[in-house]
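Using the working numbering, read the sequence shown as starting at 6 and increasing by one per residue. Cβ coordinates follow ideal geometry from the N, Cα and C atoms, glycine included.
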Amino acid sequence: MSPLAHMRWRIALLIIGFGGLGLVLWGAWPGLGPFLAGLVLAFLLMPLVDSLNKLLPRLLAILLVYALVITALALFGLYVAPIIVDQTKILINAMPGYIDVIQKWLNQTFTDVQQQIPQDFQQPITEGLNNFTSTAIGFIRDIIGNVISGIFGLAFGTIGFLVGVFIIPFWLFYVLKDKSQGMRAFYSLLPSTLREDAHRLVNIVSGTFNDYVRGQLIVAGSVGVLVTVGLMLVNIPASTAIFLGFIAGLFEVLPIIGPILGAIPATLVAFFTGQVGNLELVLKVVIVFVIVQQIEGNLLIPKIAGESTNLHPAIVMVVIIIGSELGGLAGAIAAVPITAVVRDLYIYLYQRLALGVSPLEAESHVPSRRDEIAAEKRRQTQRSLKRPALVQEEVKMPSPSQSVNPVGTLPLYDKDKQETKNK
6 MSPLAHMRWR IALLIIGFGG LGLVLWGAWP GLGPFLAGLV LAFLLMPLVD
56 SLNKLLPRLL AILLVYALVI TALALFGLYV APIIVDQTKI LINAMPGYID
106 VIQKWLNQTF TDVQQQIPQD FQQPITEGLN NFTSTAIGFI RDIIGNVISG
156 IFGLAFGTIG FLVGVFIIPF WLFYVLKDKS QGMRAFYSLL PSTLREDAHR
206 LVNIVSGTFN DYVRGQLIVA GSVGVLVTVG LMLVNIPAST AIFLGFIAGL
256 FEVLPIIGPI LGAIPATLVA FFTGQVGNLE LVLKVVIVFV IVQQIEGNLL
306 IPKIAGESTN LHPAIVMVVI IIGSELGGLA GAIAAVPITA VVRDLYIYLY
356 QRLALGVSPL EAESHVPSRR DEIAAEKRRQ TQRSLKRPAL VQEEVKMPSP
406 SQSVNPVGTL PLYDKDKQET KNK
């Protein structure tokens with residue numbers, strides 16, 4: 006079999022293998038939640054492990070990172086998780102009453118408004134307001150039900166999830182430990198002509214997901230803390246403020262629309278705190294969220310998250326809706342980074358296949374990789390400048406009586422001497 010035919014068969018087998026793997030993963034999707042969480046943790050912890058590995062053996066670096074993570078989880082479980090659980094129970098139990106009170110308050114408000122409206126216009130306005138009220142109440146019920154069912158369905162939908170919870174620490178350990186060996190094994194499966202392109206494509210996918218996930222989580226945590234502090238400053242009880250800050254941070258994983266959804270629970274709680282319809286406290290809560298969003302938009306996102314996806318907000322909102330229709334809550338969360346990855350892969354493949362540029366040059370056109378490739382080019386330039394200059398041997402000038410050898414190291418061809426040797 007010729008080398009070209011061998012390479013074609015190898016590529017065909019790889020396509021079939023990855024296609025079959027994709028079908029298996031699609032069928033096992035409900036039980037893969039823990040492994041997706043583990044993959045996110047791997048993205049977050051890998052840079053820290055790599056940095057510590059410069060000072061410590063990799064095994065010790067991983068164990069140290071595990072100790073830090075376990076300590077953080079233990080503190081969260083001791084001090085924050087009980088508050089969140091208690092407040093969640095209170096909110097779920099009180100939500101039907103809240104909705105009824107809202108409906109009664111709206112009806113009373115509309116009744117007061119009707120008294121100021123001429124008799125001829127009261128009936129159509131009343132019908133319109135009643136339709137609006139029923140639609141709004143139904144919308145609120147649907148949102149609450151979908152969010153709660155989505156969270157619990159995503160977390161505890163299958164037995165595979167419970168099994169994965171116990172497996173994931175060991176799986177994550179081996180991912181962190183054997184990253185280099187695993188990537189070398191993957192590249193060895195590919196033809197040598199495709200390995201550099203595969204390396205670049207892996208960089209694009211991992212870089213986009215890594216930047217997006219790390220940036221969103223840091224921003225979400227910062228927003229949660231800011232909302233908690235702000236609500237406490239406007240006299241929301243501490244336990245309730247912590248819970249509402251957690252909810253606001255949780256919704257930050259949804260770009261653009263997440264901050265709006267995160268403000269709804271806090272606004273409802275303020276509405277029912279003290280006297281029903283406490284608009285003064287509602288206004289204070291809204292001001293807190295406006296200030297937090299200004300800090301997020303002007304400081305946190307540019308400095309921490311950056312333009313990790315470079316997607317227009319209009320496109321972001323569309324892909325979130327599409328993702329939620331295809332995959333529910335998980336689909337809405339993953340829609341933005343997946344869209345960014347698809348765009349970056351298209352740009353790279355277009356540069357390589359249509360324009361025929363080098364892999365390095367093609368990767369430099371990918372939005373999420375421009376800074377890294379520019380840094381790589383600078384390092385290559387610095388290495389080339391640091392290379393020692395070639396030492397030129399001193400060439401002695403021949404005397405006029407000597408024949409000049411223009412080659413330098415090869416002896417000149419002397420016709421008379423050669424004829425004498427032949428005789």
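Enumerate in chain order the residues of its own chain whose CB-to-CB distance from residue i is below 8 Å, with the five nearest sequence positions on each side excluded.
i, result
"Thr-278", "Ile-241, Leu-286"
"Leu-49", "Val-218, Arg-219, Leu-222"
"Met-237", "Ala-243, Ala-246"
"Asp-183", "none"
"Asn-4", "Because the chain in this structure spans residues 6 to 428, residue 4 falls outside the shown range and cannot be described."
"Trp-176", "Phe-40, Gly-43"
Between which two residues does the alpha helix (DSSP H) holding residue i run?
i, result
"Gly-254", "243-256"
"Asn-208", "200-238"
"Arg-189", "184-193"
"Ala-367", "364-369"
"Ser-373", "Taken as a continuous stretch (DSSP letters only), Ser-373 belongs to no alpha helix (DSSP H), as it is neither H nor E."
"Ile-270", "Checking the sequence shown, residue 270 turns out to be Pro, not Ile. Taken as a continuous stretch (DSSP letters only), the alpha helix (DSSP H) holding Pro-270 covers 263-277."
"Pro-318", "318-354"
"Glu-285", "284-300"
By Cβ distance below 7 Å, which residues in the same chain neighbour residue i in space, the five residues on each side in sequence not counted?
i, result
"Arg-13", "none"
"Glu-398", "Here the model assigns Glu-398 a pLDDT of 46, short of 50, so the residue's position is not dependable, and the following value carries that caveat. The answer is none, since no qualifying residue turns up."
"Ile-338", "Val-258, Leu-259"
"Phe-251", "Ile-89, Gly-229"
"Ser-404", "Confidence is the limiting factor: at Ser-404 the pLDDT is only 47, short of 50, which leaves the residue's position unreliable and the question unanswerable from this model."
"Val-396", "Because the pLDDT of Val-396 is 45, which lies under 50, any placement of that residue in the model is unreliable, and the question is left without a value."
"Tyr-5", "Absent from the structure is residue 5, since the part of the chain shown begins at 6 and ends at 428."
Closer than 6 Å by C-beta to residue i: which residues in its own chain qualify, once you throw out the five before and the five after it? Chain order, please.
i, result
"Phe-276", "Val-287"
"Val-400", "Here Val-400 scores only 44 on pLDDT, less than 50, and its place in the model should not be relied on; the value that follows carries that caveat. Answer for Val-400: no residue qualifies."
"Arg-357", "Ala-367"
"Ala-271", "Leu-249, Val-290"
"Val-362", "Gln-356"
"Gly-328", "Gly-336, Ala-337, Ala-340"
"Gly-413", "Any reading at Gly-413 must be qualified, since the residue scores a pLDDT of 40, below 50, and its modelled position is unreliable; no value is offered."
"Ile-296", "none"
"Arg-200", "Tyr-192"
State yes or no: is the beta carbon of residue i nearer than 7 Å to at least one beta carbon in chain B?
i, result
"Ile-20", "Any reference to chain B falls outside this structure, which holds one protein chain only."
* **Cβ contact (3+ pairs, closer than 8 Å) linking the stretch 243-258 and the stretch 210-229** => yes
* Asked: Does the count of Cβ pairs from the stretch 237-251 and the stretch 77-95 closer than 8 Å reach three?
  -> yes
* To do: Spell out a yes or no on whether the stretch 200-215 and the stretch 289-298 are touching, meaning 3 or more CB-CB pairs, one atom from each, closer than 8 Å.
  => no
* Between the stretch 367-382 and the stretch 352-359, do at least 3 Cβ pairs fall closer than 8 Å? -> yes
* Touch test, the stretch 168-184 against the stretch 37-47, Cβ-Cβ under 8 Å, three pairs minimum -> yes
* To do: Decide yes or no for the touch test of the stretch 331-348 against the stretch 315-323: beta carbon pairs closer than 8 Å, at least 3 of them.
  => yes
* Asked: Taking only runs of the alpha helix (DSSP H) that begin and end inside the stretch 55-94, which ones reach a length of at least 4 residues, in chain order?
  -> 63-80
* Segment contact flag, the stretch 189-205 with the stretch 68-86, C-beta cutoff 8 Å, min 3 pairs -> no
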